[in-house]
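Take a look at the structure below.
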Amino acid sequence: MKTSTLWLAFWLLVGVAGPARAQRLAAGSTSALCIHPDGTLWGWGLNQAGQLGLGSQLNQALPAQVSPATTWQHVVMNNFATLALQANGTLWGWGTNTHGMLGTGTTTNLPTPTQIGSATWQSISMGPYHALGLRQDGTLWAWGMNTNGQLGVGTTTNQLAPVQVGSSITWRSVSTNVYHTVAVRQDGSLWAWGENSYSYGLLGLGTTGTVVPAPVQVGTAFTWQRAAAVLLHTLALRQDGTLWAWGSNGAGQLGDGTATARTTPVQIGTGTWRSISTTTNHSAAIRADGTLWAWGSNQYGQLGDGTTTGRSAPTQVGTGTNWQQVLAGPDYTLALDNDNKLWGWGANTIDQLGNGGGAQFVPMQVALPTTWRSVSAGNYFTAAVRADGTLWTWGDNQGGQLGNGTTTVQVGRGQVGTATTWQRVAAGYQHTVAQSTSGGLRAWGNNYFGQLGTGTTTSQLTPTPTNATTDWQQVAAGHYTTLAISVDSSLWGWGAGLQLGLGMPPPSFTIAAPLRLGTAHYQDVAANFHVLAVRADGTLWAWGTNQSGQLGIGTLSNNQTTPVQVGTAANWRRSAVGTSHSVAIRADGSLWAWGNNDAGQLGLGTTTAQLTPVRVGMATNWQQVAAGGAFTLAIRTDGSLWGWGWGQAVGSGSFANQLTPVPISPGTTWLSITASSSHAAGIQADGTLWIWGDNQSGQLGLPVYYLSPVFIANGGTALATAASAPAATWQLAPNPAHGQVQVRGLPAGPVAVRLFDAMGRLLRTTATAELKLDGIAPGLYLLQATAGHTTGTQRLVVE
């Protein structure tokens with residue numbers, strides 16, 4: 001990576017904005033950083049060198065905050081390291097420090113932001129292994145690799161700490177890249193130095209000589225404003241707003257309508273420009289009227305015009321006139337509009353666009369992720385409730401289960417009505433049931449067996465009130481059946497007869513309105529073709545289909561029309577039912593499974609079916625479980641997610657079946673999980689929604705299937721507000737907690753604290769920074785706090 005030849009593949013870039021704007025965007029080949037209007041710094045993409053400053057080397061598919069500081073003002077990065085300025089002019093660096101490019105006087109790497117020296121600075125520019133910076137007194141300093149004379153200090157000797165370029169000279173701006181540097185003095189003259197032996201004329205001197213290790217003036221004009229140097233060419237703005245370029249031009253990146261290299265500055269287009277950025281093979285710029293233009297290579301859609309056709313002259317990106325800053329990245333582009341919204345387009349191989357999706361050929365907003373409250377995977381469709389109380393559905397819709405008034409399949413996510421009072425949702429075979437914050441139930445979709453609970457068997461294409469007259473603490477939508485546990489712990493059901501456990505097999509009768517099922521009290525229920533229910537005394541009961549031994553009662557093919565106890569244990573806590581297998585967690589945290597095992601969905605290391613519960617491994621920290629068609633997913637108390645069974649839906653990234661539990665997305669923390677016959681979804685501790693598995697009916701809400709969790713991007717959130725972003729300035733103490741938890745560090749103003757369980761149910765609220773946990777069972781919870789017009793969420797472990 002230290003040779004010129006290899007560096008041709010790294011596609012380094014620079015961006016130059018107008019004089020009144022600090023550099024708020026920075027990008028490496030597959031990483032990006034952005035300073036928000038509130039002064040916080042966020043990064044995403046590749047992080048193997050620690051260039052995001054997060055203290056780890058884990059890649060980030062979504063924007064993650066870099067340190068709790070709120071005074072960031074200027075940021076630049078290369079592929080391995082980052083330099084940034086805070087509002088007080090201090091210089092900070094992190095990442096790889098090969099050849100001393102961080103300027104610390106050593107070559108020691110820095111995993112998190114670390115202040116460098118005590119001088120005060122106004123701007124910084126980085127190359128692959130070196131950097132230059134303007135101090136607030138106007139002097140120019142350089143450090144790092146200098147084999148091409150790119151530091152401008154008169155030698156080709158590397159420098160581990162800042163060394164002044166010239167003396168008693170004041171500078172206006174500087175830009176450096178792999179081989180050369182360009183800078184504008186306060187008198188408006190343009191100067192260049194570094195490698196000039198290439199035939200492209202990198203320095204704009206009209207020659208192609210050898211290394212120039214000290215500044216040499218470019219032409220005789222004193223009207224330059226600023227310049228942008230990239231791998232083998234340069235763009236520059238004059239004070240009258242005209243745009244000029246020189247150097248390599250094989251992809252049309254100079255924008256003069258040709259592919260001819262230029263050894264001296266040539267004017268680009270007409271009109272006046274205010275912000276420019278260029279990378280190895282394409283360029284972008286903003287005109288004085290706020291329009292955005294791009295040109296050069298377009299192989300990955302990096303020009304944002306909806307095509308992959310290259311352009312040798314400026315081509316407008318969309319029709320907007322409110323752009324304020326643009327940054328041309330390697331094969332992609334980022335831009336800020338006047339509303340401080342960040343947009344990205346082009347290649348997205350390692351999440352450099354920060355939207356969790358694939359390549360984009362037109363601008364797509366890069367927004368902080370919207371948080372979600374509840375998600376449920378139905379049969380080839382998905383339903384989910386956002387933290388703002390809105391309800392969204394997507395996928396198969398032949399029964400009207402999406403609730404949008406049609407029976408048309410919907411690949412993209414669509415909102416169900418306009419209500420903002422949804423609390424949680426349960427998706428079944430071809431019907432959906434959702435609960436509002438007031439406790440009431442609404443249902444829609446196929447109603448052939450009365451599974452909507454409306455008192456009729458008429459299907460509904462939009463949410464329709466059920467005949468329920470009570471509040472509910474849990475709802476499960478099965479195969480043509482709905483079961484629910486009331487707030488008084490009584491169990492109710494409606495729909496097809498066999499799954500109701502009333503002693504009569506289908507199709508002899510249907511129950512079209514909620515009916516209490518017996519007199520026992522329950523704490524958990526799960527439904528599919530068969531039902532598992534945990535009573536208040538900890539005993540486990542089952543009924544329904546049993547062709548694969550999924551009831552766990554030691555027999556095969558004996559369906560049960562009334563509840564039968566599973567074993568004699570009285571310490572069950574939670575259960576889940578797949579198409580033909582079952583799993584359940586005991587109070588001691590152990591996990592048990594039984595039923596069909598043809599894909600290894602029992603997690604026992606074999607494909608042998610089991611007719612009674614068998615323990616899965618020896619772990620005692622299982623917290624939550626979900627069963628799909630032929631796979632199982634479970635969350636441990638540390639928030640880690642594990643999966644086993646059918647490869648396409650497990651989320652391990654492989655088609656291979658997994659016969660024992662394997663970690664899914666190691667290093668991430670999960671709050672809840674749901675599974676259907678062929679796909680799964682989960683909410684991570686930060687409230688983001690992830691999905692994976694089969695996608696034949698668009699149930700992932702994405703164009704293709706995924707073998708591992710992929711982020712469900714939402715968009716529409718301005719970076720200036722981002723009210724649902726995870727709060728970085730407040731903490732929970734203690735965490736894990738018992739008895740009570742305190743929210744520390746909240747901003748001034750009224751406080752609202754809400755506690756949700758792993759199923760998205762609102763359990764408790766308070767108007768103080770202290771929340772009582774009396775009566776809250778041990779487990780994982782989501783605590784949401786609002787104060788000072790800011791809302792944040794954090795994961796809480798209750799012991």
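334 is the number that my numbering gives to position 334 of the sequence shown; each next residue is one higher, with no gaps.
Here a beta-carbon is modelled for each residue, glycine too, at the ideal position from N, C-alpha and C.
Comparing C-alpha positions only, which one of the options sits nearest to residue i?
| i | options | result |
| --- | --- | --- |
| Thr278 | Pro330, Gly428, Thr156, Val650 | Pro330 |
| Trp372 | Ile169, Pro162, Trp670 | Trp670 |
| Trp730 | Arg795, Gly739, Thr766, Gly629 | Arg795 |
| Ser582 | Met618, Thr632, Trp622 | Thr632 |
| Leu292 | Thr315, Thr40, Arg172 | Thr315 |
| Gly301 | Ile776, Gln648, Leu334 | Leu334 |
| Val614 | Leu551, Ser275, Gln658 | Leu551 |
| Asn735 | Leu773, Ile712, Leu746, Thr766 | Leu773 |
| Gly803 | Trp692, Arg535, Leu303 | Residue 803 cannot be examined here, being either before or after the span of the chain that is shown, 1 to 799. |
| Ser123 | Phe655, Gln73, Gly667 | Gln73 |
In this structure, how does DSSP classify residue i when only helix, strand and coil are distinguished?
| i | result |
| --- | --- |
| Ala649 | helix |
| Leu336 | strand |
| Arg21 | Annotation note: pLDDT 42 at Arg21 (below 50); position unreliable, no value reported. |
| Gly100 | helix |
| Tyr781 | strand |
| Leu498 | helix |
| His180 | strand |
| Gly194 | strand |
| Tyr448 | coil |
| Thr721 | Any reading at Thr721 needs caution, since the residue's pLDDT is 22, under 50, leaving its predicted position unreliable; the model's value is listed next. Thr721 falls in the coil class under three-state DSSP. |
| Ser590 | coil |
| Thr786 | strand |
| Val616 | coil |
| Pro37 | coil |
| Gly209 | coil |
| Pro363 | strand |
What residues in its chain sit with their C-beta under 6 Å from that of residue i, if we drop five residues either side in the sequence?
| i | result |
| --- | --- |
| Pro563 | Gly501, Trp541, Trp543 |
| Ser376 | Ala383, Val425, Ala426, Ala427, Thr674 |
| Tyr380 | Gly395, Asp396, Ser697, Gln699 |
| Ser665 | Pro709 |
| Arg413 | Trp392, Trp394, Gly701 |
| Val531 | Gln499, Trp543, Gly544 |
| Arg226 | Val16, Ser173, Val184, Leu237 |
| Gly154 | Pro213, Ala214 |
Within the same chain, show all residues whose beta-carbon is closer than 8 Å to that of residue i, passing over the 5 residues directly before and after it, in chain order.
| i | result |
| --- | --- |
| Ala221 | Gly188, Ser189, Leu190, Arg238 |
| Val662 | Trp642, Gly643, Trp644, Val650, Ser652 |
| Thr96 | Ala49, Gly50, Gln51, Phe80, Ala81, Asn109 |
| Gly605 | Leu659, Thr660 |
| Ser436 | Ala419, Thr421, Trp422, Gln423, Arg442 |
Starting from residue i and walking both ways along the beta strand (DSSP E), at which residues does that stretch end?
| i | result |
| --- | --- |
| Trp690 | 689-693 |
| Asp187 | Run containing Asp187: none; DSSP gives neither H nor E here. |
| Asn281 | That residue, Asn281, is in no beta strand (DSSP E); it is neither H nor E in DSSP. |
| Ser672 | 670-675 |
| Gln65 | 60-65 |
| Glu799 | Glu799 -> no beta strand (DSSP E), and no H or E assigned at all. |
| Thr432 | 431-436 |
| Met126 | 121-126 |
| Leu160 | 159-164 |
| Ala626 | 622-627 |
| Ala227 | 224-229 |
| Thr561 | 560-565 |
In the DSSP output, what is residue i paired with across the bridge?
| i | result |
| --- | --- |
| Pro663 | Trp642 |
| Trp730 | None, per the DSSP bridge assignment. |
| Gln115 | Trp92 |
| Pro465 | Arg442 |
| His679 | Gly693 |
| Val741 | Leu771 |
| Phe711 | Trp690 |
| Tyr522 | Arg535 |
| Thr393 | Ala383, Gly414 |
| Val803 | The shown model of the chain, from 1 to 799, leaves out residue 803, and the question about it has no answer. |
| Ser582 | Val577, Trp594 |
Just to confirm my understanding: we take residue i, look at its own chain, exclude 5 residues before and 5 after, and list those with CB closer than 7 Å. What are they?
| i | result |
| --- | --- |
| Leu515 | Trp492, Gly493, Trp494 |
| Leu732 | Val741, Val743, Leu783, Gln794, Leu796 |
Does chain D have any CB closer than 7 Å to the CB of residue i?
| i | result |
| --- | --- |
| Ala496 | Among the protein chains of the structure shown there is no chain D, as only one such chain exists. |
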